[in-house]
Amino acid sequence: MSLKIPQSTKTIVLKKSPEGRSPVYHDAVLEERPIPALKPEEVLVKIGAVSFNRRELWIRLGQYPGITFGSVLGADGAGTVIASGRPDDHLILKRVFLVPMRGWDTDPEAPESDFGIIGGGSNPPIGTFSDYVVVERNQVVQSPDHLDDVTLSAWPLGGLTAWRAAIVNAEASRGQNILITGIGGGVALLAMQLSLAKGANVYVTSGSEDKIRKAVSLGAKAGVNYKSKDWAIQLSNIIKEGNGTGKIDAIVDSGGGDIMGQASKVLKAGGKVVCYGMTANPKITFTMREVLKNQRLIGSTMGSHKDLLDATKFMAEHRITPIVSQVVNGLAATEEGFDIMKRGDQFGKIVIKLENTERAYL
32 MSLKIPQSTK TIVLKKSPEG RSPVYHDAVL EERPIPALKP EEVLVKIGAV
82 SFNRRELWIR LGQYPGITFG SVLGADGAGT VIASGRPDDH LILKRVFLVP
132 MRGWDTDPEA PESDFGIIGG GSNPPIGTFS DYVVVERNQV VQSPDHLDDV
182 TLSAWPLGGL TAWRAAIVNA EASRGQNILI TGIGGGVALL AMQLSLAKGA
232 NVYVTSGSED KIRKAVSLGA KAGVNYKSKD WAIQLSNIIK EGNGTGKIDA
282 IVDSGGGDIM GQASKVLKAG GKVVCYGMTA NPKITFTMRE VLKNQRLIGS
332 TMGSHKDLLD ATKFMAEHRI TPIVSQVVNG LAATEEGFDI MKRGDQFGKI
382 VIKLENTERA YL
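Numbering (my numbering), first residue to last: 32 to 393.
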């Protein structure tokens, strides 16, 4: 069974920045493209919503490797399977999200083959910012029943990154003190939600007092402003008031830079810093001080297909809903979404809604 297949789709395509534009900012152009015939192991997904990641902005700024002009942007998308190259496919009319990466299936340590993230490149040569997407049928995952397309589109890349960083690498568990830096971004918020569901005591940092208040309202124990030079001492004192240890077991960080030095007063001996990004500085200082304290620095990028399935199962069991900051309507509003992301004041994900979905958002 399959529905009528459209012949073409609107899509957001990456175009090279015109000569002389400074700084470089590649164009995101709305185009109409033909939909290719389905191969036996492919399905056609009618996209209901897509979400932004910082990655799309870095691509447009020319600051991301493997950029391919003419490719479709977007790594996160959710919708409904409306056709399949396989007769009587059980996926027809099922709500799904697209797997955001390729090349990493089950290895617990690192990708088995050439790793790639969808959108903006050639490996693989698809993206989600489109009304319809043709994708391998084994690269979609059925939606948990408590999420609509808007909230589901905010899950895949961020959820996988957060799971790998906070649960697999930081090993957040009941009673542990976990610090998540830069709260407000999609990955940081999902790391907080997953860690809370594991029973951890979650603390946060942000440069915004409002974002700290919102995080506490969602379950974080407390937060400190990283703009304060003595934020680590402040945090240690807060923890002492709560449970007496004054120490953090693990830090989930996206800033890089001097996180090891800054956190030395609050990270326990034998503790670890899991870094999934370096938005503040592309280098991390690691000194003999950390060696003598048996502290560990762990790099964490995305995760495996197995990690994604494990994370999605956990998310469904605990009814975790990804936090959506703002929703814009239709692919024609893509530039509006980029403008919101460039401002950097969002709390949660920015989503483009392609279908009507009634739900309240923060």
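Glycine included, every Cβ here is placed at the ideal spot set by N, Cα and C.
Boundaries of the alpha helix (DSSP H) around Arg86: 85-91.
Secondary structure note for Ser48: it is in no alpha helix (DSSP H), with a DSSP letter that is neither H nor E. Under the rule that a run must span 4 or more residues, the alpha helix (DSSP H) segments found entirely inside the region 71-131 read 85-91.
Note that the region 77-95 does not touch the region 196-209; fewer than 3 beta-carbon pairs, one per stretch, sit closer than 8 Å.
The residues Lys278, Ile279, Asp280, in chain order, have a CB closer than 7 Å to that of Lys299 in the same chain once the five nearest residues on each side in sequence are set aside.
Contact between the region 156-167 and the region 241-248 is not established, with fewer than three Cβ pairs separated by less than 8 Å. Looking from the CA of Val283, the closest CA among Asn169, Ile198, Asp180 belongs to Ile198. In chain order, Leu191 place their CB closer than 6 Å to the CB of Leu339, counting only its own chain and leaving out the 5 sequence neighbours on each side. Relative to Ser115, the option among Ile36, Arg195, Val247 whose CA is nearest is Ile36. Here Ile269 is not bridged, per DSSP, to any residue. Across the structure, Gly287 and Phe317 are spaced so that their CA atoms are roughly 11 Å apart.
Note on the region 270-323: whole beta strand (DSSP E) runs with a minimum of 3 residues are 279-284, 298-306, 312-315, in chain order.
Just so you know, the alpha carbons of Ile269 and Ala231 end up roughly 16 Å apart. With fewer than 16 other Cβ atoms from the protein chains shown falling within 10 Å of its own Cβ, Asn274 counts as exposed.
Of the other Cβ atoms in all chains shown, 16 or more fall within 10 Å of the Cβ of Lys229; this residue is therefore buried.
Ranked by Cα distance from Val165, the options Phe369, Arg64, Thr352 are led by Arg64.
For the region 348-390, the full-length alpha helix (DSSP H) segments reaching 4 residues or more read 365-374 along the chain. For Pro65, the enclosing beta strand (DSSP E) covers residues 58-65. With a 10 Å radius around the Cβ and a threshold of 16 neighbouring Cβ atoms, Thr40 comes out buried. Within a 10 Å sphere around the beta-carbon of Thr343 sit 16 or more other beta-carbons, which makes this residue buried. The Cβ atoms of Thr137 and His336 lie closer than 9 Å to each other. Nearest C-alpha to Trp135 among Leu124, Gln170, Ile123: Gln170.
Cβ atoms of Ile209 and Gly151 stay farther apart than 8 Å, at about 32 Å. Ala109 is not a Cβ neighbour of Ser226, given a cutoff of 9 Å. Bridge partners of Ser237 according to DSSP: Asn256.
Annotation: Leu92 to Leu385 spans about 25 Å, alpha carbon to alpha carbon. The alpha-carbon of Ser48 is positioned some 53 Å away from that of Glu272. Between the C-alpha atoms of Gln377 and Gly189 there is a straight-line separation of about 15 Å. Rounded to whole angstroms, the gap between the alpha carbons of Arg327 and Gly301 is 7 Å.
Ranked by how close their Cα comes to the Cα of Gly238, the residues Gly330, Gly250, Leu249, Val255 have Val255 in first place. Relative to the Cα of Ala263, the nearest Cα in the group Thr236, Ser248, Ala251, Gly250 belongs to Thr236. Bounds of the alpha helix (DSSP H) holding Gln224 are 217-228. Beta-bridge pairing by DSSP links Gln173 to Val127. At the C-beta level, Pro131 and Ile149 come within 9 Å of one another. Looking at the backbone, the Cα of Ile371 and that of Arg126 are separated by about 28 Å. Listed in chain order, the non-local C-beta contacts of Asn200 below 6 Å within the same chain comprise Val305, Ile329, Ser331, local neighbours out to five positions each way being set aside.
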